[in-house]
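Quick note: the sequence shown uses my numbering, first residue 453, plus one each step.
Written out below as structure tokens is the structure these notes cover.
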Amino acid sequence: MRTTCTPKRRARRSARACPCPQRTGRVIRVERADNLAFMRTIPDASVHLVVTSPPYNLGKDYERRSSLDAYLAAQAEVVVEAVRVLHPRGSICWQVGNFVDNGEIVPLDVVLYDIFAKQDLKLRNRIVWHFGHGLHCKRRLSGRYETINWWTKTDDYTWHLDPIRVPPKYPGKRHFKGPKAGELSCNPLGKNPSDVWEIPNVKSNHPEKTVHPCQFPVELIERLVLSMTDPGDIVLDPYMGVGSAVIAAEMHGRTGYGCDTSDEYVAIARQRLGQLADGTLRTRPMGKPIYNPDLPRGGH
Ligand SMILES: C[S@@+](CC[C@H](N)C(=O)[O-])C[C@H]1O[C@@H](n2cnc3c(N)ncnc32)[C@H](O)[C@@H]1O
């Protein structure tokens with residue numbers, strides 16, 4: 453898919469943010485395809501970030517439920533191909549929740565761990581993504597987090613902390629004694645966001661909601677893109693859905709690649725990328741405070 457740049461579109465966007473290939477020389481790839489077939493068209497070691505959320509084998513509309521062993525074997529094939537296309541300085545972020553069978557849960561990152569470790573990947577963080585909405589369970593606690601396992605191919609990986617720093621708890625705090633007395637005690641650019649991220653999931657009142665039942669919030673992927681890639685790098689989502697990861701990549705001057713087996717989701721991804729180019733795509737801004745009913749205007 454090429455995002456065309458018309459004078460009207462250009463006028464509506466700042467030149468810096470316009471992701472069109474006429475300006476950047478980069479070509480977005482968004483295709484309806486099985487991910488193994490799609491990835492086989494990508495050269496070795498050319499992708500800097502593979503970020504994705506596969507089906508969880510729950511029997512949702514977009515997947516066929518199988519045995520856990522068959523599911524893991526299929527995942528292993530996709531992981532091997534993801535590692536092949538990954539640049540030596542690149543990262544893989546695999547976002548998953550639980551497989552649930554008759555009320556018994558299997559945390560998928562736990563059972564997927566060996567598949568990644570066998571590829572000699574190195575686990576850097578197990579990011580806990582905490583969110584507020586989901587099923588209300590009756591016979592166990594309601595699940596309100598999923599995980600993103602961040603793997604790198606080598607020890608020399610691309611990593612930028614500054615673009616994803618968050619406001620410190622006590623912004624003006626200063627050292628009160630010692631040689632640094634009076635100086636700011638925290639980094640003026642903000643603090644490390646830690647490995648627990650509270651980001652609203654995309655439910656009915658979220659500005660990014662489409663028909664997809666499990667889409668990424670774009671801000672979740674923006675953090676990964678900004679910290680694990682450089683401008684111009686390729687970001688791949690092999691289970692693209694409605695294109696949230698490709699959008700996050702394009703928003704920050706990276707090149708997004710994605711595929712999905714659903715015609716409907718691919719059409720929506722293309723439509724959203726068109727809106728991004730037009731400047732009409734609504735996304736929840738990175739860093740926007742979580743709605744808090746106890747504060748005036750929810751704290752916004
Ligand atoms: C959990 S959803 C990902 C949603 C995505 N993160 C987003 O923001 O929209 C998993 C997606 O994988 C797609 N899918 C399932 N099997 C696939 C395959 N073999 N190749 C490509 N996509 C596949 C499904 O259609 C579904 O949209």
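Backbone N, C-alpha and C define an ideal beta-carbon position, used for all residues, glycine too.
Using the three-state DSSP reduction, which class does Gln547 fall into: helix, strand or coil?
Position 95 of the sequence shown, counted from the first residue, corresponds to residue 547. Here Gln547 sits in strand by DSSP.
Express the C-alpha separation of Ser505 and Trp581 in angstroms, rounding to a whole number.
One-based indexing of the sequence shown puts residue 581 at position 129. One-based indexing of the sequence shown puts residue 505 at position 53. About 13 Å.
Label Asn487 either buried or exposed according to how many other C-beta atoms from any shown protein chain fall within 10 Å of its C-beta, with 16 as the threshold for buried.
For this step, residue 487 is matched to residue 35 along the sequence shown. Asn487 comes out buried.
Quick check: the Cα distance between Ala701 and Glu716, rounded to an integer number of angstroms?
Stepping through the sequence shown from its first residue, residue 701 is reached at position 249. Stepping through the sequence shown from its first residue, residue 716 is reached at position 264. Distance between the alpha carbons of Ala701 and Glu716: 21 Å.
Using 10 angstroms around the beta-carbon of Asn744, count the other beta-carbons present and answer buried if the total reaches 16, otherwise exposed.
As a working mapping, residue 744 is identified with position 292 in the sequence shown. By the neighbour-count rule (16 or more Cβ atoms within 10 Å), Asn744 is not buried but exposed.
Let me check you understand the geometry: is the CB of Asn487 closer than 7 Å to at least one non-hydrogen atom of ligand 1?
Here residue 487 refers to the residue found at position 35 when the sequence shown is read from its first residue. Yes, the Cβ of Asn487 comes within 7 Å of a heavy atom of ligand 1.
Please give me, in chain order, every unbroken run of the alpha helix (DSSP H) with length at least 4 that falls completely inside the region 514-602.
For the region 514-602, whole alpha helix (DSSP H) runs of length 4 or above, ordered along the chain, are 520-537, 560-569.
For the alpha helix (DSSP H) containing Glu483, name the first residue and the last one.
Sequence index remark: in the sequence shown, residue 483 carries index 31 (1-based). Unbroken run through Glu483 is the beta strand (DSSP E), 481-484; no alpha helix (DSSP H).
Under the criterion of a Cβ to heavy atom distance below 7 Å, does Phe628 qualify as lining ligand 1?
Numbered from its first residue, the sequence shown carries residue 628 at position 176. Flag unset: Cβ of Phe628 not near ligand 1.
Assuming Pro683 and Arg706 are in contact, meaning their beta carbons sit under 8 Å apart, how far apart are those beta carbons, in whole angstroms?
If you number the sequence shown from 1, residue 683 lands on position 231. If you number the sequence shown from 1, residue 706 lands on position 254. Pro683 to Arg706, Cβ: 7 Å. Contact.
For His539 and His588, I'd like the C-alpha separation in whole angstroms.
Taking the first residue of the sequence shown as position 1, residue 539 is located at position 87. Taking the first residue of the sequence shown as position 1, residue 588 is located at position 136. So the two alpha carbons sit approximately 41 Å from each other.
Let me know the secondary structure DSSP gives Asp715 once reduced to three states.
As a working note, residue 715 is residue 263 in the sequence shown. It is helical.
Between the alpha carbons of Pro737 and Val648, how many angstroms are there, rounded?
Translated into the one-based positions of the sequence shown, residue 737 becomes position 285. Translated into the one-based positions of the sequence shown, residue 648 becomes position 196. Straight-line Cα distance between these residues: approximately 18 Å.
Check Gly726 in the structure and name its three-state DSSP category.
Along the sequence shown, read from residue 1 onward, the residue named residue 726 stands at position 274. Helix at Gly726.
Shorter than 7 Å, the distance from the beta carbon of Gln667 to the closest heavy atom of ligand 1, or not?
Residue 667 sits at position 215 when you count from the first residue of the sequence shown. Yes - ligand 1 has a heavy atom lying nearer than 7 Å to the Cβ of Gln667.
Determine the DSSP secondary structure at Met692, reduced to helix, strand or coil.
As a position in the sequence shown, residue 692 is number 240, starting the count at 1. It is coil, neither helix nor strand.
Should His664 be counted as a contact of ligand 1 given a C-beta to heavy atom distance under 7 Å?
Numbered from its first residue, the sequence shown carries residue 664 at position 212. Yes, ligand 1 has a heavy atom inside 7 Å of this Cβ.
Nearest-angstrom Cα distance between Ile686 and Leu636?
Residue mapping note: residue 686 aligns to position 234 of the sequence shown, counting from 1. Residue mapping note: residue 636 aligns to position 184 of the sequence shown, counting from 1. Taking the straight line from one Cα to the other gives about 38 Å.
Is it buried or exposed, Asp746, if we count other Cβ atoms within 10 angstroms and call 16 or more buried?
Start at 1 with the first residue of the sequence shown, and residue 746 comes out as number 294. That one is exposed.
Leaving aside the five residues before and after Arg675 along the sequence, list all residues of the same chain whose C-beta is less than 6 Å from its C-beta, in chain order.
Position 223 of the sequence shown, counted from the start, is the residue given in the question as residue 675. Within the same chain, Arg675 has close Cβ partners Ile616.
Taking the straight line between their C-alpha atoms, what separation do you get for Leu725 and Asn554?
To locate residue 725, count along the sequence shown from 1; it is residue 273. To locate residue 554, count along the sequence shown from 1; it is residue 102. Roughly 39 Å between the two C-alpha positions.
For ligand 1, any of its heavy atoms closer than 7 Å to the Cβ of Asp715?
Residue numbering aside, residue 715 sits at position 263 when the sequence shown is read from its first letter. No, since every heavy atom of ligand 1 falls outside the 7 Å radius drawn around the Cβ of Asp715.
Among all the DSSP beta bridges, which residues are the ones paired with Leu501?
Here residue 501 refers to the residue found at position 49 when the sequence shown is read from its first residue. DSSP lists Ser543, Val687 as partners of Leu501.
Assign Val663 to buried or exposed, taking buried as 16 or more other Cβ atoms, counted over all protein chains shown, within 10 Å of its Cβ.
Along the sequence shown, one-based indexing puts residue 663 at 211. Its Cβ having fewer than 16 others within 10 Å, Val663 is exposed.
Should Tyr691 go down as buried or exposed, given a rule of 16 or more other Cβ atoms within 10 Å for buried?
Position 239 of the sequence shown, counted from the first residue, corresponds to residue 691. Buried, because 16 or more other Cβ atoms sit within 10 Å of the Cβ of Tyr691.
Should the region 511-520 be called in touch with the region 568-576, which here means at least 3 C-beta pairs below 8 Å?
No, because fewer than three Cβ pairs between the region 511-520 and the region 568-576 fall closer than 8 Å, the two stretches do not touch.
Say yes only if the C-beta of Asp647 is nearer than 7 Å to one or more non-hydrogen atoms of ligand 1, and no if none qualify.
On the sequence shown, position 195 is the one that residue 647 refers to. Every heavy atom of ligand 1 is 7 Å or more from the Cβ of Asp647, so no.
Tell me whether Leu593 is buried or exposed, calling it buried when 16 or more other Cβ atoms sit within 10 Å of its Cβ.
Numbered from 1 along the sequence shown, position 141 holds the residue referred to as residue 593. The residue in question, Leu593, is exposed, as its Cβ has fewer than 16 Cβ neighbours within 10 Å.
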